[in-house]
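The listed protein sequences correspond, in order, to chains A and B.
With the working numbering, you'll find the first sequence wraps up at 112, consecutive numbering, no jumps.
With the working numbering, you'll find the second sequence wraps up at 230, consecutive numbering, no jumps.
Note that the Cβ used here is the ideal one computed from N, Cα and C, for glycine as well.
The structure displayed is predicted, hence computed values, not measured ones.
Remarks on the structure that follows.
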Amino acid sequence: GAVVSQHPSWVICKSGTSVKIECRSLDFQATTMFWYRQFPKQSLMLMATSNEGSKATYEQGVEKDKFLINHASLTLSTLTVTSAHPEDSSFYICSANRGRAFFGQGTRLTVV
Amino acid sequence: AQKITQTQPGMFVQEKEAVTLDCTYDTSDQSYGLFWYKQPSSGEMIFLIYQGSYDEQNATEGRYSLNFQKARKSANLVISASQLGDSAMYFCAMREPSVGGSNYKLTFGKGTLLTVNP
Chain A
1 GAVVSQHPSW
11 VICKSGTSVK
21 IECRSLDFQA
31 TTMFWYRQFP
41 KQSLMLMATS
51 NEGSKATYEQ
61 GVEKDKFLIN
71 HASLTLSTLT
81 VTSAHPEDSS
91 FYICSANRGR
101 AFFGQGTRLT
111 VV
Chain B
113 AQKITQTQPG
123 MFVQEKEAVT
133 LDCTYDTSDQ
143 SYGLFWYKQP
153 SSGEMIFLIY
163 QGSYDEQNAT
173 EGRYSLNFQK
183 ARKSANLVIS
193 ASQLGDSAMY
203 FCAMREPSVG
213 GSNYKLTFGK
223 GTLLTVNP
């Protein structure tokens with residue numbers, strides 16, 4: 001199957017700083033990638049659709065200035081959590097489709 | 113709008129027994145797809161099985177089978193011969209139709225936490 005790699009697996013940052021999470025499709029080109037957020041013991045909630053070469057499409061209620069998405073190449077999408085606060089602490093996971101959805105390993109973000 | 117409902121927050125099963133995890137869905141689309149994913153405590157999303165709305169036969173993948181009842185809009189996952197390693201969160205998801213074909217979104221249910229007892 002296809003491989004989607006996400007980095008870092010976990011990160012701890014100070015309140016007010018920004019954190020960048022990378023999502024790479026290792027063996028296929030992905031014009032579209034998806035970013036999800038998951039709180040403990042809850043479901044995955046789609047945050048945004050990342051489109052190569054164009055602006056991301058954000059779901060209702062997601063602050064686009066807080067969660068910056070860049071999809072600069074066919075194999076890389078990045079999610080930057082800007083001016084992070086403790087309430088941004090969560091599990092973030094990306095996916096890309098090749099027939100079916102393939103997920104990255106996820107990133108556990110803790111803002112202290 | 114599409115909706116996925118998983119009514120079982122938690123399920124317990126004895127090792128080597130079979131267990132059914134429920135999933136019902138709501139959609140006005142004629143063409144759709146249903147997935148089941150397993151999420152262990154590590155957080156990774158592991159694909160288990162897929163059922164297309166036009167598939168006439170229920171999908172099977174090893175110990176996993178999908179009991180697809182289209183008229184009832186249900187897509188229950190059956191795990192046979194449960195193993196201790198099956199303990200995890202299980203999510204049912206529906207593929208939204210997309211103009212571009214493969215670039216579809218997924219809508220997830222709330223999940224069911226399965227615990228397999230020795």
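Comparing alpha carbon positions, the residue from B/Ala171, B/Val190, B/Ala183 and B/Gly223 closest to A/Phe39 is B/Gly223. Taking a Cβ-Cβ threshold of 9 angstroms, the residues of chain B close to A/Thr49 are Asn215 and Lys217, in chain order. Between B/Ala183 and B/Tyr149, the beta carbon gap of about 25 angstroms keeps them out of contact (Cβ cut-off 8 angstroms). Rounded to whole angstroms, B/Arg207 and B/Ser194 show a C-alpha spacing of 27 angstroms.
Look at B/Leu160 here: in three-state DSSP terms it is strand.
The straight-line gap separating the alpha-carbon atoms of A/Arg37 and A/Cys94 is approximately 9 angstroms. For the C-beta of A/Ile93, the chain B residues within less than 9 angstroms are, from N- to C-terminus, Gly155, Glu156 and Met157.
By the Cβ test, the region 131–148 of chain B is not in contact with the region 52–64 of chain A, since fewer than three Cβ pairs between them sit closer than 8 angstroms. Residues of chain A whose Cβ lies closer than 7 angstroms to the Cβ of B/Tyr162 are, in chain order, Arg100.
Taking 8 angstroms as the threshold, the shortest C-beta distance from A/Leu76 to chain B does not fall below it. Close to chain A, meaning a Cβ-Cβ distance shorter than 9 angstroms, are the following residues of the region 126–157 of chain B: Gly145, Phe147, Tyr149, Gln151, Ser154, Gly155, Glu156 and Met157. Shortest Cα-Cα distance from B/Gln181 to any of B/Gly174, B/Ser192, B/Glu168 and B/Thr227 involves B/Glu168.
At least one CB atom of chain A sits nearer than 8 angstroms to the CB of B/Lys222. For A/Gln105, the nearest beta carbon of chain B is closer than 8 angstroms to its own beta carbon.
For A/Thr32, the C-beta contacts it makes with chain B under 7 angstroms involve Asn215, in order along the chain. Separation of the CB atoms of A/Ala48 and A/Ser25 is rounded to 17 angstroms, and the pair is thereby denied contact status at 8 angstroms.
Between the alpha carbons of A/Glu52 and A/Lys20 lies a distance of about 17 angstroms.
Between the region 64–83 of chain A and the region 3–20 of chain A there are three or more inter-stretch CB-CB distances shorter than 8 angstroms, so the stretches are counted as touching. Between B/Leu225 and B/Gly155, the C-beta gap is not smaller than 8 angstroms, which leaves the two residues out of contact. When B/Gln142, B/Phe159 and B/Gln151 are compared, the shortest CA-CA separation from B/Ser165 is found for B/Gln142. Contact of A/Leu109 with chain B is not assigned, every C-beta pair being separated by 8 angstroms or more. Straight across, the Cα-Cα distance linking B/Gly145 with B/Lys217 is about 11 angstroms. The closest CA to that of B/Thr132, considering only B/Phe220, B/Ser186 and B/Gly197, is found on B/Ser186. At a Cβ-Cβ threshold of 8 angstroms, B/Phe159 and A/Arg100 count as neighbours.
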